[in-house]
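Student:
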Amino acid sequence: MAIYVLRKLVFFLGAIFIASLAIFLLIRGAGGNVAAVVLGKGATPEAINALAHTYGLDQPLAVQYFDWVGNMLSGDLGRSFRTNERVSDLVTARLSVSIPLALSGLILGLLIAIPVGTYAARNVGTPSGAILALVSQIGVAVPVFWAGILLSLLFGVRLGWLPTGGWTDWSVSIWGAIRSLVLPVLSLGLIMAAVLIRYVRSAVLDVMNQDYLRTARAVGMTRTEALLKVGLRNASLPLVTIVGLQIAELIGGTVIIETVFSLPGLSRMMLANVAAREVIVVQSTVMLIIIFVIAVNLLVDLLYGILDPRVRSSR
Amino acid sequence: MTKPQQDRAQDRTNVLEVANLVVHNTTLTAVRGIDFTLPAGGRMGLVGESGSGKTLTALSLMGLLPMGWQANGSVRHDGVDLIAQSDKALSSRRGRTLSMVFQDPLSSLDPVRRIGQQVSSVIRRHTDAGKKEAERQTLELFRLMSLPRPEQLMRAYPHEISGGQRQRVMIAMALACYPQLIIADEPTTALDVTVQKQVLRLLNTAVQERGSALIMITHDLPIIAAMCDTVAVMYAGKIVEMGPVAEVFRSPRHHYTKGLLESQPTMDNIALDGSSRLASIPGMVPPLHSLPKGCAFHPRCSAATERCRTEIPQLEPGARRTACWHPIAAPAEAAIQAGVSAS
Amino acid sequence: MTMNQPSPMSAPAGVPISPPQRKPRRKLPRNASLLIGLVLTALFLAIALISFFYLPSNPNIPVIRNRLLPAGTPGHWLGTDVLGRDIIAQLMVGARTSILVGAGGATFSLILGTIAGLAAAASGKITDEAISRGSDILLAIPGMVTALVLAATMGSGALTTILALTAFFTPSFTRVIRSAAMGVLNEDFITAAKLYGRGKIFVLARHVLPNIAGVMIVQFTLYFAAGILTEAGLSYLGVGVHRPSISWGLMLNEAQQQVGVSSPLAIWPGFAIVLMVLGLNLLGDGLRDVLDPKLARRAS
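Residue numbers (the working numbering), protein chains in the order written: chain A, 5 to 319; chain B, 2 to 344; chain C, 113 to 412.
In structure tokens form, the structure reads like this:
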């Protein structure tokens, strides 16, 4: 197990290094003169040079890269060109919206997908199984923002039960914050579920055909008991991997849902900064998101090692 | 010697009475009506080529048929008809009065649970033994199966031990609750040749020690000769010949049994110089969806007549049973017949 | 989901049954999936083609007196938007954009992924490890993030979107192609070809490529669909295509911004996206069953 953990840690650090290099080169390399981009077309060369100097943009690329990485390691994510706000402050202020949204969306998705997917696997070849397969096939084709729009049309506009958008902060009213999250979480969760159901279904189907499930029944479990006690534990192995892979997708969905429901989350901030060409803010925020995704994948790998003894001893 | 075992030794009723067992799915019938009885502590071998319905027969006895398959007929065991039981009622019998050892021990053990846990949970499920007691019994079983270092084995995972050891663990699990009947479905086919014998020997003694009856499914006739008292030969979903092992093997009455016996390699008929006399049965096992009319074996049978092509022969009653219109005669006559047909 | 990646595993594995007789294949539902997929895809391709020759009216020119006509109005059967532009005309041009961007992203990533995947499968352990680990890392970068970064540096538009899709899809393509090619390379006839003295490139081009063509077609179809979803999401966010190009995602963006969420205009483009994506996914699944039954069982 120790070697397994060590391998995964090395991969984790390597991945972060390569990702940071890729992001940096993409933004600084492909973007051309950052200061000129930020100031826009009408800027004088003097103003551009001054800005470049203030932010160290006139240094060689390698120096800039190491400055950036060094600063990030010490917790300094840089400042906005326009407002001079610290990126770290900008980000933390938004997390109280984005994290509950993304996490609840994922959990709701799993809560729907695991029982429904298991049911679908047990009913392969029956009409109800076929209907479920069709519904999830359609669900996968629904863009998350359209799901959001439809849900807000129904529950917000038609029925008037919930706000169609906007945000009541936790500090103002916890109940209000929850109310503003219900529809976003529902949209995200339903679409995640549609994607996950297919994975759960095929994972369970795979496990159902395994000999050890028959053995479990041969020593005294009923069909259902064997599936729940032995099957789900084994099916959770591929699922853990899938959930890890879905994190990237979850973030994409969160970005969009925040826009649909006008929530002041991380991604709304990102979008505003993309529009304003706030290169440093975008660069650091993107890096944070990527570190988050890679860290989740590391956790997933470690969890896999705990769940599956074969992985632990063979690698 | 434990008490249930002694009781059973005196009780000579049948552990299994199978009557007109049919196994089918929506399009195919794989087992086409078989009957046999197995006395308590008795040992029956079930032979036949792959596709003859041996495994589905075994699975139907356990109530473990794959999805889409269904069994009809009656299987009396321990005072109940197994076919009529619900999955829940059957599950309380599986592992307790009835158990089964499967072909591939690696895929048959749960890969993510420790071996000790897997075996002792069976004991805890079916008896009122506590955790400690179940673990003690598990260790005892591991010793019965001559597994090395049983204490360490308790904490091992299936992938960490050898194939032979895994199968011994499977057997231990099957025998954990002193079942009245244990079904072994080709228990050594997936193992290395070098450990097959050892596993069979251990299975043999352990089954004896626990006083269980045994149904041994295999296509390996010497195994049956060594381990069973009776043998049933299956062909295309039917039993074609049944009787005491020694008699059936010495003088087979069904032409299929005879062919099967002649196609077994022995030291006598293996010749390395190319003059091998190993016989084979001409033709192939017919697919279930297009079985020939009459006796299913007739297209491959040298003795087939018009009657074989139209009427299905049934097993005649008695200790020595054959389903054939033209059974091979007893040895004395057979010698004469052989002389005639050779000319 | 907008950053959807096609699922690598789907389609039930056949229940292994003791006797070797095969269960009769349930042909109808499989073929139904292929058939419906084909019809839907062909329908949208046809609409996109027709849009080059015929449009009910110009989808970009505002006609104020026609603002917000309801569906069913003669001449504007699905109504008009807040600027009086015909919905049907916009949907038709939107199909064009979806197909262009989706197919563009899928094509480029297919080409790059095939090159990288074949290189990984056919080269030594170090190259393979580098390419495999590299695509693992790139897979961890959310596609949405890539798209935002590109939009921040290059400005948004159809081309940027295609590039973002390419960056997003290539690692997954690489993985799939690599594992499919590995499978073929382990076959005996490849060993035979090598013994014959065939060069690596020859073996790859002559033996491996034709054998993984099925996988490539299926993957292309599924990523085509994923690309359409992603493009719709990006355009909805305002970092995808913009006028005078029209995209279904853009139409939804405008519908929601201009008249609030109560707009029935938010219905039609959504339907178009769902039907087109559903069609391609069904087509992909159907093709998978026809072309490559083994792929369906491939463990991820």
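Every residue gets a Cβ at the ideal spot worked out from N, C-alpha and C, and that includes glycine.
Who are the Cβ neighbours of Ile295 (chain A) in its own chain at under 7 Å, not counting the five residues just before and after it?
Tutor: Position 291 of the first sequence, counted from the first residue, corresponds to residue 295 (chain A). Counting only Cβ-Cβ distances below 7 Å, and skipping sequence neighbours, we find Ile20.
Student: Flag this pair as yes or no: are the beta carbons of His256 (chain B) and Glu242 (chain B) separated by less than 7 Å?
Tutor: On the second sequence, residue 256 (chain B) is found 255 positions in, with the first residue counted as 1. On the second sequence, residue 242 (chain B) is found 241 positions in, with the first residue counted as 1. Taking 7 Å as the Cβ cut-off, His256 (chain B) and Glu242 (chain B) do not qualify as a contacting pair.
Student: So is Pro171 (chain C) in contact with chain A if we call contact Cβ pairs under 7 Å?
Tutor: Residue numbering aside, residue 171 (chain C) sits at position 59 when the third sequence is read from its first letter. False, the Cβ-Cβ gap to chain A never drops below 7 Å.
Student: Can the beta-carbon of Leu190 (chain A) be found less than 7 Å from the beta-carbon of Ile261 (chain A)?
Tutor: Numbered from its first residue, the first sequence carries residue 190 (chain A) at position 186. Numbered from its first residue, the first sequence carries residue 261 (chain A) at position 257. No, these two residues do not count as a Cβ contact at 7 Å.
Student: Whose C-alpha, out of C:Ile385, C:Gly352, C:Ser359, is nearest the C-alpha of Thr258 (chain C)?
Tutor: Here residue 258 (chain C) refers to the residue found at position 146 when the third sequence is read from its first residue. Checked all of C:Ile385, C:Gly352, C:Ser359; the closest Cα to Thr258 (chain C) is C:Gly352.
Student: Express the C-alpha separation of Val297 (chain A) and Gly74 (chain A) in angstroms, rounding to a whole number.
Tutor: Taking the first residue of the first sequence as 1, we reach residue 74 (chain A) at position 70. Taking the first residue of the first sequence as 1, we reach residue 297 (chain A) at position 293. In a straight line, the C-alpha of Gly74 (chain A) is about 21 Å away from that of Val297 (chain A).
Student: Would the stretch 309-318 of chain C count as touching the stretch 266-280 of chain C if we require 3 or more Cβ pairs under 8 Å?
Tutor: In short, these stretches do not touch, since the Cβ pair count stays below three.
Student: Over the uninterrupted beta strand (DSSP E) stretch that includes Leu22 (chain B), give me the two end residues.
Tutor: Here the question's residue 22 (chain B) lines up with position 21 in the second sequence. Start and end: 15-25.
Student: So the alpha helix (DSSP H) Ala304 (chain B) belongs to, where does it begin and stop?
Tutor: In the second sequence, residue 304 (chain B) corresponds to position 303, counting from 1. Premise fails: Ala304 (chain B) is in no alpha helix (DSSP H) and is neither H nor E.
Student: Who are the Cβ neighbours of Ile162 (chain C) in its own chain at under 8 Å, not counting the five residues just before and after it?
Tutor: Here residue 162 (chain C) corresponds to residue number 50 of the third sequence, with the count starting at 1. If we look at Ile162 (chain C) and ignore the five residues flanking it on each side, its Cβ neighbours are Met204.
Student: Ignoring anything shorter than 4 residues, give me the alpha helix (DSSP H) runs that lie fully in the stretch 17-94 of chain A, in order along the chain.
Tutor: List check, alpha helix (DSSP H) in window: 38-43, 49-58, 65-77.
Student: Please classify Arg379 (chain B): does DSSP put it in a helix, a strand, or coil?
Tutor: Given that chain B is displayed from residue 2 to residue 344, the structure contains no residue 379 (chain B) and the question cannot be resolved.
Student: Anyone know if the C-beta pair for Asp186 (chain B) and Thr30 (chain B) falls short of 7 Å?
Tutor: Residue mapping note: residue 186 (chain B) aligns to position 185 of the second sequence, counting from 1. Residue mapping note: residue 30 (chain B) aligns to position 29 of the second sequence, counting from 1. No, they are not a contact pair.
Student: Mind checking whether Val204 (chain A) and Ala117 (chain A) have CB atoms under 7 Å apart?
Tutor: Residue numbering aside, residue 204 (chain A) sits at position 200 when the first sequence is read from its first letter. Residue numbering aside, residue 117 (chain A) sits at position 113 when the first sequence is read from its first letter. In contact: Val204 (chain A) and Ala117 (chain A) (Cβ atoms closer than 7 Å).
Student: Find out if the Cβ-Cβ distance for the pair Met274 (chain A), Leu346 (chain C) is shorter than 7 Å.
Tutor: To locate residue 274 (chain A), count along the first sequence from 1; it is residue 270. To locate residue 346 (chain C), count along the third sequence from 1; it is residue 234. No; because the gap between Cβ atoms is not below 7 Å, this pair is not in contact.
Student: Look up Lys239 (chain B) in the DSSP assignment and give the residues it is bridged to.
Tutor: What you label residue 239 (chain B) is simply residue 238 of the second sequence in a count that begins at 1. In the DSSP output, where bridge partners are listed per residue, Lys239 (chain B) has B:Tyr236.
Student: Could you tell me the boundaries of the alpha helix (DSSP H) in which Met273 (chain A) lies?
Tutor: Position 269 of the first sequence, counted from the first residue, corresponds to residue 273 (chain A). Element bounds for Met273 (chain A): 270-279.
Student: Note down, in chain order, every chain A residue with its Cβ under 9 Å from the Cβ of Tyr348 (chain C).
Tutor: Taking the third sequence and counting its residues from 1, the one referred to as residue 348 (chain C) is at position 236. Under the 9 Å cutoff, chain A gives Pro147, Phe149, Trp150, Ile260, Thr263, Val264.
Student: When you compare the stretch 245-261 of chain A with the stretch 108-128 of chain A, are there three or more beta-carbon pairs, one atom per stretch, that lie closer than 8 Å?
Tutor: Touching, yes, given that three or more Cβ pairs across the two stretches are closer than 8 Å.
Student: Helix or strand or just coil, what does DSSP make of Leu150 (chain C)?
Tutor: Against the third sequence, residue 150 (chain C) aligns to sequence position 38. Of the three classes helix, strand and coil, the one that applies to Leu150 (chain C) here is helix, per DSSP.
Student: Taking the runs of the alpha helix (DSSP H) that are 4 residues or longer, which of them lie wholly in the stretch 86-157 of chain B?
Tutor: Segments of the alpha helix (DSSP H) lying fully in the stretch 86-157 of chain B: 88-92, 106-109, 116-127, 132-145, 151-155.
Student: Leaving out five residues on either side along the sequence, give the residues of the same chain with a beta carbon under 8 Å from the beta carbon of Thr38 (chain B).
Tutor: As a first step, residue 38 (chain B) is located in the second sequence; it is residue number 37 there, counting from the start. Counting only Cβ-Cβ distances below 8 Å, and skipping sequence neighbours, we find Asn15, Leu17, Glu18, Val19.
Student: My assumption, with CB atoms under 8 Å, is that Arg167 (chain B) sits in contact with Pro106 (chain B). Please give the rounded CB distance.
Tutor: Within the second sequence, residue 167 (chain B) is the residue found at index 166, counting from 1. Within the second sequence, residue 106 (chain B) is the residue found at index 105, counting from 1. Sure, about 4 Å apart at Cβ, within 8 Å.
Student: 7 Å is my cut-off, CB to CB: does Pro313 (chain A) come that close to chain B?
Tutor: By 1-based counting over the first sequence, the position of residue 313 (chain A) is 309. Interface residue, yes.
Student: In this structure, does DSSP put Asn127 (chain A) in helix, strand or coil?
Tutor: Start at 1 with the first residue of the first sequence, and residue 127 (chain A) comes out as number 123. If DSSP states are grouped into helix, strand and coil, Asn127 (chain A) belongs with coil.
Student: Tell me whether Asn178 (chain C) sits in a helix, a strand or coil according to DSSP, three-state version.
Tutor: The residue labelled residue 178 (chain C) in the question sits at position 66 within the third sequence. The answer is helix: DSSP assigns Asn178 (chain C) an H, G or I state.
Student: With distances taken Cα to Cα, identify the nearest neighbour of Ala392 (chain C) among C:Leu341, C:Leu349, C:Asn365.
Tutor: Position 280 of the third sequence, counting from 1, holds the residue named residue 392 (chain C). One point to set straight first is that residue 392 (chain C) is Leu, not Ala, in the sequence displayed. Per the Cα distances, C:Leu341.
Student: Between B:Cys178, B:Ala175, B:Arg321, B:Ile184, which lies nearest to Val246 (chain B) when the distance is taken from Cα to Cα?
Tutor: Working through the second sequence from its first residue, we reach residue 246 (chain B) at position 245. Nearest option by C-alpha distance: B:Arg321.
Student: Who does Leu176 (chain B) pair with in a DSSP beta bridge?
Tutor: Here residue 176 (chain B) refers to the residue found at position 175 when the second sequence is read from its first residue. BP columns for Leu176 (chain B) are empty, so no partner.
Student: Beta-carbon of Leu277 (chain C) versus every beta-carbon of chain A: anything under 7 Å?
Tutor: In the third sequence, residue 277 (chain C) corresponds to position 165, counting from 1. So, not an interface residue.
Student: Which residues bound the alpha helix (DSSP H) around Asp215 (chain A)?
Tutor: Your numbering for residue 215 (chain A) matches position 211 in the first sequence. Its alpha helix (DSSP H) spans residues 215-222.
Student: So, do the stretch 51-69 of chain B and the stretch 211-227 of chain A have three or more beta carbon pairs nearer to each other than 8 Å?
Tutor: They touch, by the three-pair rule.
Student: Let me check understanding here. Comparing Cα to Cα, which of C:Ala292, C:Ala338, C:Ala154, C:Glu366 lies closest to Leu277 (chain C)?
Tutor: For the purposes of this step, residue 277 (chain C) is identified with residue 165 of the third sequence, where counting begins at 1. When each option's Cα is compared against that of Leu277 (chain C), the closest is C:Ala338.
Student: Note down the Cα distance separating Leu138 (chain A) from Ser359 (chain C), rounded to an integer number of angstroms.
Tutor: For the purposes of this step, residue 138 (chain A) is identified with residue 134 of the first sequence, where counting begins at 1. For the purposes of this step, residue 359 (chain C) is identified with residue 247 of the third sequence, where counting begins at 1. Straight-line Cα distance between these residues: approximately 26 Å.
Student: Alpha carbon to alpha carbon, how far is Gln133 (chain C) from Arg314 (chain A)?
Tutor: Here residue 133 (chain C) corresponds to residue number 21 of the third sequence, with the count starting at 1. Here residue 314 (chain A) corresponds to residue number 310 of the first sequence, with the count starting at 1. Confidence in Gln133 (chain C) is poor, its pLDDT being 34 and thus under 50, which makes the residue's placement unreliable; the coordinate value appears in the next sentence. Each residue's alpha carbon lies about 34 Å from the other.
Student: Measure the beta-carbon distance from Thr189 (chain B) to Leu203 (chain B) and round it to whole angstroms, keeping in mind my assumption that it falls under 8 Å.
Tutor: Translated into the one-based positions of the second sequence, residue 189 (chain B) becomes position 188. Translated into the one-based positions of the second sequence, residue 203 (chain B) becomes position 202. Incorrect: roughly 11 Å between the Cβ atoms, too far for contact.
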